[in-house]
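Colleague:
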Amino acid sequence: MVDLVIGLFGPTASGKSDVAAAVTALIPAEVVSADAMQVYDGLPILTNRSPYPERLVGIWPLSHTASVGEYAPLAHAAVDEILAAGRTPLVVGGTGLYFRAALAELELPPPPLPGARERWERLYDDAGAEAAHTRLAELDWDAAARLHPNDRRRVVRALELAEAGSSLVPQRERLFGGSWRHPTLVVALDVPKPELERRIAERTRRMFERGIEDEVRRAYAAKPSQTAAAIIGLHEVASLPREEAVGAVIARTRRYAAYQRKWLRRLDGVVIVAADRPPEETAAEIVALARTRERLSRP
RNA sequence: GGCGCCUUGGCCGAGUGGUUAGGCAUGGGUCUGCAAAACCCAGUACACCGGUUCGACUCCGGUAGGCGCCU
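Residue numbers (my numbering): 1 to 299.
#1: Can you give, in chain order, each stretch of the alpha helix (DSSP H) that sits fully within the stretch 200 to 267 and has at least 4 residues?
#2: For the putative contact between Ile59 and Val39, defined by C-beta atoms under 8 Å, what is the C-beta separation to the nearest angstrom?
#3: Give me the Cβ distance between Leu103 and Val5, rounded to the nearest whole Å; I'm assuming they're in contact under 8 Å.
#4: What number of angstroms, rounded off, separates the C-alpha of Glu176 from the C-alpha of Arg122?
#5: Rounded C-beta distance between Val270 and Leu264? I'm assuming under 8 Å.
#6: Would the stretch 150 to 166 count as touching the stretch 182 to 201 if we require 3 or more Cβ pairs under 8 Å?
#7: Pick from Ala158, Asp3 and Val23: whose alpha carbon is nearest that of Thr282?
#8: Going by CA-CA distance only, name the one from Glu70, Thr12, Val31 and Ser14 that's closest to Ala21.
#9: What is the DSSP secondary structure of Leu90, counted as helix, strand or coil?
#10: Does the beta carbon of Thr227 fall short of 6 Å from some heavy atom of the ligand MN?
#11: Would you check if there are 3 or more beta carbon pairs closer than 8 Å linking the stretch 103 to 116 to the stretch 39 to 55?
#12: As a quick exercise: from Val19, Thr88 and Leu43, pick the residue whose alpha carbon is nearest that of Ile27.
#13: My parser needs the alpha helix (DSSP H) runs of 4 or more residues fully inside the stretch 159 to 195; what are they?
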C-alpha cells in the first residue's frame, strides 16, 4: 500500500483504537494519534488511551499548553517517517482540528509573540468586547468583519496576528475540504446514537473502577495547563461526589460526541463505515477500501 | 378530616394585570497555534376548570397532584 495514508476518524467510544489495532494486524501499518488530549502524559484512563502502540500519545506533561501549531509538524514528521519505512500511516483521532492538521497542510499563521496574548486579553477584558473589536477593525478590517465581538478567543488571536503583520483570514487552504498532504483514504466510524451512548456510559463507569480518582488527584498535583484542564472529567472527578461525577462525565462526553459528529459530516471525501460490529470486520472493510483506492490511484 | 404552602417550556429557575427573564440541555451554524475549546442563531412555557377584567401566567373560586403542620 505504497504512499497511501489512512485517516480514521470517529466520535469517542466508536471503537477507533480497536479498529486501528485490527488494521495493523492485517497490513503493515503504524498508528499516529490525532487527539488533543491524548497528547498529554499522566491521564491514561481519563483520556482513554489505547492499549496498543500509537505515536504522539503522552508526549507532553500536563503543565504544557498544547496547540495544533505545535502538534502539526510532529504529526507530519511521523506520517512521513512511516511512509519512508514502507508502511502505511494510520492517523486515528477524534479531535477534528488535529485530524485535519495531521493529514493536510493547514498553513497555520505564526504563534503569538511573547506576551502578546496576555496584553490583548487584558485590553479585551478592560476595554470591553466592542472596543477590542473596533481596535481590530483598525488593524485588520477583514478579520474584524468575520468575527463576532463576543468571540474573545478569536478577536484576541486576530489582534495578535495583525500586530505581527499577519492575519487571521485564511490565505488559501480552508479548514474543511482542503487537500491532503498524501493520497489519503479518510474513513469515519459510525455507531448508532443509542449504542454509542450505551458505550459511553459503560466506559465511564469502568473508568471509575480503574481508578481515575487517584489518577486525577495526581494530575492536579502536576498543575495542569489551561488546555489540559479542559479534559473531560478532570474537574468533575475532582470536585463532585462519585455518583454525580459519573453522571456529569457521561453527559459531557455525550455532548462531545455530538460535536464530533459535526466534524465527521464535514470531512471532505470521507467514507462512512459501520462500527457497531466486531473491530476485525470493520478493519477488514477499511483495508479493502484502501486496496481499492490504491488500485484506482495507480497510473 | 382541618389549616397552610406549592405546581412555570426537556431540566433548573426569576417574574409581572397587557413588551421574549435567565441558565443548562437540545437543534442548526461558524471555525486556521487554547478545538474534549470558543463564538453565533433558534424554540414563545406558565397543572386543570370556571369567574372577575377591555385584557390573567399574574386577582378570585373550585379540581388534581406534591409538601408541611394539627386533631
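Every residue gets a Cβ at the ideal spot worked out from N, C-alpha and C, and that includes glycine.
Here the structure is a predicted model, which is why all the values come from computation and not from measurement.
Modeller: Here's the rundown:
#1: Runs of the alpha helix (DSSP H) inside the stretch 200 to 267: 212 to 221, 234 to 239 and 242 to 266.
#2: Position 59 of the first sequence, counted from the first residue, corresponds to residue 59. Position 39 of the first sequence, counted from the first residue, corresponds to residue 39. The Cβ separation is near 5 Å, so the contact holds.
#3: Position 103 of the first sequence, counting from 1, holds the residue named residue 103. Position 5 of the first sequence, counting from 1, holds the residue named residue 5. About 7 Å separates the Cβ atoms of Leu103 and Val5, confirming a contact at the 8 Å cut-off.
#4: Counted from its first residue, the first sequence places residue 176 at position 176. Counted from its first residue, the first sequence places residue 122 at position 122. Reading off the sequence, residue 176 comes out as Phe, not Glu. Cα atoms of Phe176 and Arg122: separation of roughly 32 Å, rounded to the nearest angstrom.
#5: Translated into positions along the first sequence, residue 270 becomes position 270. Translated into positions along the first sequence, residue 264 becomes position 264. Yes, Val270 and Leu264 are in contact; Cβ-Cβ is about 7 Å, under 8 Å.
#6: The stretch 150 to 166 makes no contact with the stretch 182 to 201, as fewer than three CB pairs between them are under 8 Å.
#7: Position 282 of the first sequence, counting from 1, holds the residue named residue 282. That would be Val23, whose Cα lies nearest to the Cα of Thr282.
#8: For the purposes of this step, residue 21 is identified with residue 21 of the first sequence, where counting begins at 1. If we check each option's Cα against that of Ala21, Val31 comes out closest.
#9: Taking the first sequence and counting its residues from 1, the one referred to as residue 90 is at position 90. Strand at Leu90.
#10: Of the ligands one can find in the structure shown there are none, so the ligand MN has no counterpart to examine.
#11: Fewer than three Cβ pairs drawn from the stretch 103 to 116 and the stretch 39 to 55 lie within less than 8 Å of each other, which leaves the two stretches out of contact.
#12: As a position in the first sequence, residue 27 is number 27, starting the count at 1. Nearest neighbour of Ile27 by Cα position, chosen from Val19, Thr88 and Leu43, turns out to be Thr88.
#13: Correct list: empty.
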